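Notes to accompany the following structure.
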Amino acid sequence: MKRSFLCQSRLALACAATIGLLRAETAFDAYLPATTKTVIQGGVSSSTTPAVKIKSGQTVKIDTLNSTELNKEDYTAVLKKGGISVDTPFYKETLEILSATPAAGRTARLLTGPVYIEEAQPGDTLEVRVVDLAVQSDFGINRTITNMGHPLATITPEPVARVYKIDRAAKKVLFNSNIEIPLWPYLGEMGVSPAEDAGNYGPNRPSKTYGGSLDTPDLGKGASIYFPVQTPGALFVAGAGKAAGANGKVNYFGLEVPLTAYLQFIVHKGKALASVRAETATHYITFGTADVLDVVMRLSAIELVDFLKEKAGLDFFFAYSLGCQAVDFNISRANTTGQLMSVMTPKYIFIKDTTDYWYKGELAPKYYLPGNYYDPKKEFVSFKQFLPEPVKTTGL
Amino acid sequence: MNTVITRSLLSLLAGAALAHTAFADAEIPTDHYLRSKWNTVSMGVYTTEYEPRLKIKSGDTIKIDTASSSTGVGVGGDPLKFYKDNNIPLDLPVVQDSMEIREKTKPHPAGLRGALLTGPLYIEGAEPGDSLEVRVLDVRFRAAYGINSTAPGNGHPLADLVPRPWRQKFDLDLARSVAIFKKDQIELPLAPFFGQMGVAPPANAGGFAASPPTPLHGGNFDLQELTRGSTLFLPVNVEGAYFYIGNGHALQGNGEITNPSLEVSLTGYFKFIVHKKKPLAVPHMETPTHYVFVGIHDSLDEAVRLATKQCVDFLQEKEKLDYYDAYALTSVTTDFTVTRALLPAQMVHALVPKNIFKAKSAYWYAGPVPVRY
Numbered sequence: 001m002k003r004s005f006l007c008q009s010r011l012a013l014a015c016a017a018t019i020g021l022l023r024a025e026t027a028f029d030a031y032l033p034a035t036t037k038t039v040i041q042g043g044v045s046s047s048t049t050p051a052v053k054i055k056s057g058q059t060v061k062i063d064t065l066n067s068t069e070l071n072k073e074d075y076t077a078v079l080k081k082g083g084i085s086v087d088t089p090f091y092k093e094t095l096e097i098l099s100a101t102p103a104a105g106r107t108a109r110l111l112t113g114p115v116y117i118e119e120a121q122p123g124d125t126l127e128v129r130v131v132d133l134a135v136q137s138d139f140g141i142n143r144t145i146t147n148m149g150h151p152l153a154t155i156t157p158e159p160v161a162r163v164y165k166i167d168r169a170a171k172k173v174l175f176n177s178n179i180e181i182p183l184w185p186y187l188g189e190m191g192v193s194p195a196e197d198a199g200n201y202g203p204n205r206p207s208k209t210y211g212g213s214l215d216t217p218d219l220g221k222g223a224s225i226y227f228p229v230q231t232p233g234a235l236f237v238a239g240a241g242k243a244a245g246a247n248g249k250v251n252y253f254g255l256e257v258p259l260t261a262y263l264q265f266i267v268h269k270g271k272a273l274a275s276v277r278a279e280t281a282t283h284y285i286t287f288g289t290a291d292v293l294d295v296v297m298r299l300s301a302i303e304l305v306d307f308l309k310e311k312a313g314l315d316f317f318f319a320y321s322l323g324c325q326a327v328d329f330n331i332s333r334a335n336t337t338g339q340l341m342s343v344m345t346p347k348y349i350f351i352k353d354t355t356d357y358w359y360k361g362e363l364a365p366k367y368y369l370p371g372n373y374y375d376p377k378k379e380f381v382s383f384k385q386f387l388p389e390p391v392k393t394t395g396l
Numbered sequence: 397m398n399t400v401i402t403r404s405l406l407s408l409l410a411g412a413a414l415a416h417t418a419f420a421d422a423e424i425p426t427d428h429y430l431r432s433k434w435n436t437v438s439m440g441v442y443t444t445e446y447e448p449r450l451k452i453k454s455g456d457t458i459k460i461d462t463a464s465s466s467t468g469v470g471v472g473g474d475p476l477k478f479y480k481d482n483n484i485p486l487d488l489p490v491v492q493d494s495m496e497i498r499e500k501t502k503p504h505p506a507g508l509r510g511a512l513l514t515g516p517l518y519i520e521g522a523e524p525g526d527s528l529e530v531r532v533l534d535v536r537f538r539a540a541y542g543i544n545s546t547a548p549g550n551g552h553p554l555a556d557l558v559p560r561p562w563r564q565k566f567d568l569d570l571a572r573s574v575a576i577f578k579k580d581q582i583e584l585p586l587a588p589f590f591g592q593m594g595v596a597p598p599a600n601a602g603g604f605a606a607s608p609p610t611p612l613h614g615g616n617f618d619l620q621e622l623t624r625g626s627t628l629f630l631p632v633n634v635e636g637a638y639f640y641i642g643n644g645h646a647l648q649g650n651g652e653i654t655n656p657s658l659e660v661s662l663t664g665y666f667k668f669i670v671h672k673k674k675p676l677a678v679p680h681m682e683t684p685t686h687y688v689f690v691g692i693h694d695s696l697d698e699a700v701r702l703a704t705k706q707c708v709d710f711l712q713e714k715e716k717l718d719y720y721d722a723y724a725l726t727s728v729t730t731d732f733t734v735t736r737a738l739l740p741a742q743m744v745h746a747l748v749p750k751n752i753f754k755a756k757s758a759y760w761y762a763g764p765v766p767v768r769y
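Read top to bottom, the protein sequences are chains E and S. Under the working numbering, the residue at position 64 of the first sequence is numbered 64, and the numbers go up by one with no gaps. Numbering-wise, the working numbering comes out as the position in the second sequence, counting from 1, plus 396.
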């Protein structure tokens, strides 16, 4: 059933594209542009002044800026070297914000917000639906740095930042003349404010309780992220948009771009949540985070077992066993300053679960790879033609 | 023939969906057939100490039976009781193979042990410094059940939280290609693959137990990508390569957290190709959709580092990129996932997608592949 849904949605998408429906802007209730008043560096706390106040159920259009963690001087140099005018929309705003920070030293991620959701109180769950994402520039920036504990940090000779072109109409990153990467934008950073007495937000780290640097490509268009609300209003921030990226994000950056996000906020009253979780049209996602990957693995396994026990009414052994047989442990952030695994439980295994999911549109490009979805009929037909030339049987 | 009996039994068990089983039954013609008899298996050791069970040439195709230790040979106590308790018919060829192996096959004299393997297979012309390409033409089930288990202290992520050893049989519905995890509620699509494929280590290294994988001999990859349509490239360490295979899995999530996967007995169809003078430092894989690189280390952090370095080296060479472009491309396109979170020798694999390259390179298989997500 889910498989035919994939086919149908692709068909629907093709039709929609032909008649130009995709060009119409997604509807929203409030607009949060990126200005010196709405962009904060690094993180949010319970005392941060809200940039916008909305009600549960409303959708906010949020502009986010290119979050390269460069200071103004280096940032300008990178743009200049890449042949990009600093007057380009969204980059102009970025420069204004960077002007307000010290010229030397590394900067933190640029986050837009916070969004104050009126109904949200500690003990509730905030669902953030990624209704749509729009890439706002024809190029993206990737950096390879020499610190922050990414896998090859110690053998990287010097920090380098490069600009790569994007063809937004063709939905591709033009990496070079031989390589094109399908566009799949997502927000690297989505988080809520920690409680007043719970220490600081990030910066540039994921957290079990407030989210933050989740950096998971599966959290693109069509994902729902569930945050435990810790302060009145929740105080949600977003940023670090990527035009494309992968689990691992091994050189510490994806293809960083300014994104406009259309996010719907829904407060689930009285539904307490111990840690951030997410959901897509195809998967339930749980997370694990720590600085050492072996610890992340263990925490992720514990969280998954808890989830499967609750979701499917299984005991410890069966939950652990299901985790072994059906669940992928993806390494979404591989750097020792906050490593993160996204743990993917496929939905199609729960054959009696008829819960409807709000999103039925386009899936990440990797799901479109030929044969990369389950089709029992295809399983058993036509493979013979792919075998090598017929040969005689001699046997042992 | 063994297969015929097995297949008809399976059809009965599955309640037969005619259109499907008709295709599934079709035998694939191969040059050779290596069975899993008491004198064609190794009790869990990669070594040159055993006589080659069969000699084949580069380019030959072969059908190989394997018997899973976890579903028969390796179970503790009385195997007959195990089969009876789990409703497993004793006349299945793989059960008969297993009982005979248990009775007659000698363990390794030095006490090395691991998963039951079929082999060694001798590939003529393979010499140290060559690499061995193994194409997985097809993977089929020999019995319609699998075993998953876990035990305290077994090097898996929750080894200290497991209160007691646990073992569970799961039925497979081969006609519908699913494992029945919980009747009428949870079904898992089958995506069978061999957990272990490897070669003998260098002569001076002795035998390697079929337990942790190593870059030298391959072995216990537990890599779900190695299903029908995939290709494995192994280093050759000794003349003839001495290839071993076993440890069938019906399906698996990346991570394999309980330690064993859904263990099953499988039959595989392969083509072997020797690439002369192409030494390999680490095995790597290819699928219709991805280039796959692995990192093997006791620490997952180090495993990621090793896999990352291989991706960057590969992209630098394949696309003539400098280090920074290759690293950026890895970061933006390549998914890293935990293959086996099991000590010793944890493994991570990285999936470089093929669809990013405008020039499409030829690949031998273009058929359907089992689900990944």
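For glycine and all other residues, C-beta sits at the position ideal for the given N, C-alpha and C. As the structure is a prediction and not an experimental result, all values here were calculated from the model.
Cβ contact annotation for E/Ala364 (same chain, cutoff 8 Å, sequence separation greater than five): Trp184, Pro217, Asp218 and Gly220, in chain order. Chain order gives no chain S residues near E/Thr88, where near means a beta carbon separation below 9 Å; the closest approach is about 21 Å.
Taking each of S/Asn616, S/Leu662, S/Leu612 and S/Glu635 in turn and checking the Cα distance to S/Arg509, the smallest one comes out for S/Asn616. Secondary structure at E/Pro217: helix, using DSSP grouped into helix, strand and coil. In the three-state scheme derived from DSSP, where H, G and I count as helix and E and B as strand, E/Ser207 is classed as strand. The DSSP-derived three-state label of S/Arg509 is coil. In terms of CA proximity to E/Pro232, E/Thr49 leads the group E/Tyr91, E/Ala261 and E/Thr49. For E/Tyr201, the secondary structure class from DSSP, reduced to helix, strand or coil, is coil. One alpha carbon belongs to E/Trp358, the other to E/Ala120, and they sit about 21 Å apart. In terms of beta-carbon proximity, E/Gln136 stays away from the interface with chain S, with every pair separated by 8 Å or more. Taking 8 Å as the cut-off between beta carbons, the residues of the segment 726–741 of chain S near chain E are Thr726, Ser727, Val728, Thr729, Thr730, Asp731, Phe732, Thr733, Val734 and Ala737, in sequence order. About 6 Å separates the beta carbons of E/Ile54 and E/Ile117, which is inside the 8 Å limit, making them a contact pair. Relative to the Cα of E/Thr64, the nearest Cα in the group E/Leu79, E/Ile97, E/Ile84 and E/Thr354 belongs to E/Ile97. At a cut-off of 8 Å between beta carbons, S/Tyr640 makes no contact with chain E. For the options S/Glu496, S/Glu423, S/Gly625 and S/Val530, the alpha carbon positioned closest to that of S/Gly763 is the one of S/Gly625. In the DSSP assignment, E/Asp294 falls outside any beta strand (DSSP E) and within the unbroken alpha helix (DSSP H) covering Leu293 to Ala312. About 20 Å separates the Cβ atoms of S/Val748 and S/Leu696, ruling out a contact at the 8 Å cut-off. By a beta-carbon distance limit of 8 Å, E/Gln264 does not contact E/Pro122. Their separation comes to about 21 Å. For the alpha helix (DSSP H) assignment, the uninterrupted runs of no fewer than 4 residues enclosed by the segment 69–101 of chain E are, from N- to C-terminal side, 72–81 and 91–99.
Excluding five sequence positions before and after S/Leu738, the CB atoms of its chain that fall closer than 7 Å to its own CB belong to Gly551, His552, Glu652 and Asn655, given in chain order. Judged by DSSP in its simplified three-state form, E/Gly42 adopts coil rather than helix or strand.
Inclusion of S/Glu621 and S/Thr683 in the CB contact set at 8 Å is warranted, their separation being smaller than that value. Within chain S, the residues whose beta carbon sits less than 9 Å from that of E/Thr144 are Tyr719, Tyr720, Tyr723, Ala724 and Ser727, listed in sequence order. Around S/Ser657, the beta-carbon contacts reaching into chain E at under 8 Å are Cys324 and Gln325. Cα atoms of E/Tyr348 and S/Gln648: separation of roughly 15 Å, rounded to the nearest angstrom. With contacts defined as CB atoms closer than 8 Å, S/Lys667 and S/Thr457 qualify as a contacting pair.
Contact between the segment 282–302 of chain E and the segment 173–183 of chain E is absent: fewer than three C-beta pairs spanning the two stretches fall below 8 Å.
Here E/Thr355 is exposed: its Cβ has fewer than 16 other Cβ atoms, across all protein chains shown, within 10 Å.
Proximity of chain S to E/Tyr320 at the Cβ level (cut-off 7 Å) is accounted for by Thr546, Leu554, Ile653 and Thr654, in chain order. Contact between the segment 431–445 of chain S and the segment 490–508 of chain S is present, with at least three C-beta pairs closer than 8 Å. Listed by position along chain S, the residues whose Cβ is nearer than 8 Å to that of E/Gly245 are Ser727 and Val728.
When the Cα atoms are used, E/Glu189 and S/Lys674 turn out to be separated by approximately 44 Å. Annotation for S/Tyr640: the continuous beta strand (DSSP E) segment containing it runs Phe639 to His645. Contact annotation for E/Gly254 against chain S: Ser727 and Val728 [CB-CB distance below 7 Å, chain order]. Contact between E/Gln325 and S/Ser657 is confirmed by a C-beta separation of about 7 Å, below the 8 Å threshold.
Boundaries of the alpha helix (DSSP H) around S/Lys477: Pro475 to Asp481.
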